[in-house]
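Below: the structure, in structure tokens.
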Amino acid sequence: MSKELLSGPSPSMIQVQATLDLVEKLSPHLKFEIVPPQSKFPYIIDDIPMCTVVRSGKIRVRRDIDEIVIASVPIPNIMGVGSLIPKNAGLYIETVSECSIASLTSEQVLKLIGQFDLWQLLSAHITKVANNVLVYSIIMTPPTAYEMIRFQLLALMDEDSDIRNDITAANYILQRTRLSRSSVMKILAELKKGEFIVMDEGRLIHINKLPHKY
Numbered sequence: 009m010s011k012e013l014l015s016g017p018s019p020s021m022i023q024v025q026a027t028l029d030l031v032e033k034l035s036p037h038l039k040f041e042i043v044p045p046q047s048k049f050p051y052i053i054d055d056i057p058m059c060t061v062v063r064s065g066k067i068r069v070r071r072d073i074d075e076i077v078i079a080s081v082p083i084p085n086i087m088g089v090g091s092l093i094p095k096n097a098g099l100y101i102e103t104v105s106e107c108s109i110a111s112l113t114s115e116q117v118l119k120l121i122g123q124f125d126l127w128q129l130l131s132a133h134i135t136k137v138a139n140n141v142l143v144y145s146i147i148m149t150p151p152t153a154y155e156m157i158r159f160q161l162l163a164l165m166d167e168d169s170d171i172r173n174d175i176t177a178a179n180y181i182l183q184r185t186r187l188s189r190s191s192v193m194k195i196l197a198e199l200k201k202g203e204f205i206v207m208d209e210g211r212l213i214h215i216n217k218l219p220h221k222y
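Quick note on our numbering: the sequence shown kicks off at 9 and runs consecutively.
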């Protein structure tokens with residue numbers, strides 16, 4: 009295993025202030041409901057683009073064809089308002105915990121944005137979403153299985169402690185990639201043996217130094 013160490017930003021999705029401000033300004037005009045964990049909110053319903061505004065809780069984006077977890081999403085947030093998701097993408101939002109959510113069509117949200125002149129906030133929000141999509145595409149197309157695992161370990165370390173404590177590192181990676189369990193377990197075991205990571209009963213406790221190459 010190479011001793012060259014990873015440098016650079018974490019692969020986690022990043023919020024901008026514009027997203028927080030957009031949710032805050034839209035919230036008084038939306039009807040929020042408390043929904044339980046494992047609720048699903050598709051990006052497209054009957055060919056109609058949908059917008060989901062999440063004020064509190066924990067959510068993630070999944071792909072329906074294989075149930076792969078695309079990303080955990082920071083909250084508060086607004087999704088489906090920028091026409092960045094193709095209709096055939098098959099993506100949906102899944103609640104991980106109890107959440108406060110407003111669901112409406114993208115057209116309805118755009119009317120509110122126009123009514124209250126929130127275009128500048130929307131532009132900044134969409135720019136960050138587009139950047140997150142680019143980062144994700146890079147993460148999911150690395151040349152080696154190890155680099156994919158490395159990215160996912162960094163993402164797991166950025167999750168809240170209750171999420172890290174509730175899932176093993178192997179299952180977290182398997183939910184988000186198409187790697188085989190045997191290859192994931194082998195690489196995790198070698199990282200633990202080399203003291204690059206600290207795990208307890210399969211759960212990620214700490215990352216010391218992740219090699220850039222394997």
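Built from N, CA and C at the ideal position, the CB exists for glycine as well. Please read these numbers as outputs of a predicted model, since none were measured by experiment.
In this structure, does DSSP put residue i in helix, strand or coil?
i	result
TYR222	coil
ARG71	strand
ASN96	coil
PHE159	helix
LEU212	strand
Express the C-alpha separation of residue j and residue i in angstroms, rounding to a whole number.
i	j	result
ARG172	PRO94	31 angstroms
GLY16	LYS221	Legend: pLDDT at GLY16 = 39, less than 50; position of this residue unreliable, value from coordinates given subsequently. Distance between the alpha carbons of GLY16 and LYS221: 14 angstroms.
ASP198	PHE159	Here residue 198 is Glu; the residue named in the question, Asp, does not match the sequence. Between GLU198 and PHE159, the C-alpha separation is close to 16 angstroms.
ASN140	GLU203	31 angstroms
ILE101	CYS107	12 angstroms
THR103	VAL43	8 angstroms
So the alpha helix (DSSP H) residue i belongs to, where does it begin and stop?
i	result
VAL81	That residue, VAL81, is in no alpha helix (DSSP H); its beta strand (DSSP E) goes 77 to 81.
LYS200	189 to 201
LEU30	25 to 34
LEU120	114 to 123
Grab the span of the beta strand (DSSP E) containing residue i for me, first residue to last.
i	result
GLU102	99 to 103
ASN236	In the structure displayed, the chain extends from 9 to 222; residue 236 sits before or after that span and is not available.
ASP174	Careful: ASP174 lies outside any beta strand (DSSP E), inside the alpha helix (DSSP H) at 169 to 174.
GLU41	41 to 43
GLU89	Per the sequence shown, residue 89 should be read as Val rather than Glu. Where VAL89 is concerned, there is no enclosing beta strand (DSSP E), given that its DSSP letter is neither H nor E.
Tell me which same chain residues have a C-beta within less than 6 angstroms of the C-beta of residue i, skipping the five on either side of it?
i	result
LEU129	ALA26, ASP29, LEU30
Output needed for residue i: all residues of its chain with C-beta closer than 8 angstroms, excluding positions within five of it in sequence on either side, in chain order.
i	result
THR113	ILE56, PRO57, MET58, CYS59
Ordered along the chain, which non-local residues of its own chain (more than five positions away) have a Cβ less than 7 angstroms from that of residue i?
i	result
GLY210	THR176, ALA177, ALA178
Is residue i near the ligand MN - that is, is its Cβ less than 6 angstroms away from at least one heavy atom of it?
i	result
SER114	Looking for the ligand MN in the displayed structure turns up nothing, as the structure carries no ligands at all.
Do residue i and residue j have their CB atoms nearer than 7 angstroms?
i	j	result
LYS224	MET207	Here the chain has residues from 9 to 222 only, and residue 224 is not among them.
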